[in-house]
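K.L.:
First the structure, which I've put down as structure tokens, then a few questions once you've had a look.
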Amino acid sequence: MCVAIIGGIKGIENKYKTLLKKHGIKKYKIFNTMVPDFQKKIKNVDALILFTNTVSHKLSTVSSKICKKNNICIKRTHSSSLNKLDEKIKEIKLKLNNKHK
């Protein structure tokens, strides 16, 4: 499974990575700002977590459109905390596991 995190706090990015690995997610992409070819970089992920408080409106809008177009599971949370990330990862795993049954 490949998960993209959009937004978040740059200072705890390593903690985000550790939490993803703890949940068995070995492939992940973390974007704090818009990067060149952003659409290409996230169009093949299985799920996307969007931290709405720490991301620009443009990046949020582009992410949502890509997810809708490519049928990617998207979870939004206002908080960029590790607890909220943990909660959203669990929701994604549950949704994707039910989808594959």
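The numbering of the sequence shown is the UniProt record's numbering, which starts it at 1 and goes up by one.
Just so you know, even glycine gets a beta-carbon here, dropped at the ideal spot from N, CA and C.
Note that this is a predicted model, so its numbers are computed, not measured.
Note down, in chain order, each residue of its chain lying with its Cβ closer than 7 Å to the Cβ of Lys-43, except the 5 sequence neighbours on either side.
P.N.:
In the sequence shown, residue 43 corresponds to position 43, counting from 1. Cβ neighbours of Lys-43 beyond the five flanking positions: Ile-66, Asn-70.
K.L.:
Do three or more CB pairs link the region 28-45 to the region 77-97 at distances below 8 Å?
P.N.:
no
K.L.:
Could you tell me how far apart the beta carbons of Gly-24 and Tyr-16 are, in whole angstroms, since I believe they sit closer than 8 Å?
P.N.:
Position 24 of the sequence shown, counted from the first residue, corresponds to residue 24. Position 16 of the sequence shown, counted from the first residue, corresponds to residue 16. Not really, about 15 Å apart at Cβ, beyond 8 Å.
K.L.:
Just to check my reading of the structure: Phe-31 and Ile-72 have Cβ atoms closer than 8 Å, yes? What is that Cβ distance to the nearest angstrom?
P.N.:
Working through the sequence shown from its first residue, we reach residue 31 at position 31. Working through the sequence shown from its first residue, we reach residue 72 at position 72. With 8 Å as the limit, Phe-31 and Ile-72 do not qualify as a contact, their Cβ atoms being about 14 Å apart.
K.L.:
Might you give, ordered along the chain, the residues of its own chain that have their beta carbon closer than 6 Å to the beta carbon of Tyr-28, omitting 5 neighbours on each side?
P.N.:
Within the sequence shown, numbered from 1, the residue matching residue 28 stands at position 28. Closer than 6 Å at Cβ, skipping near neighbours: Val-3, Leu-20.
K.L.:
Count the other C-beta atoms from every protein chain shown that fall within 10 angstroms of the C-beta of Leu-94, then say buried if there are 16 or more, exposed otherwise.
P.N.:
Counted from its first residue, the sequence shown places residue 94 at position 94. Exposed, because fewer than 16 other Cβ atoms sit within 10 Å of the Cβ of Leu-94.
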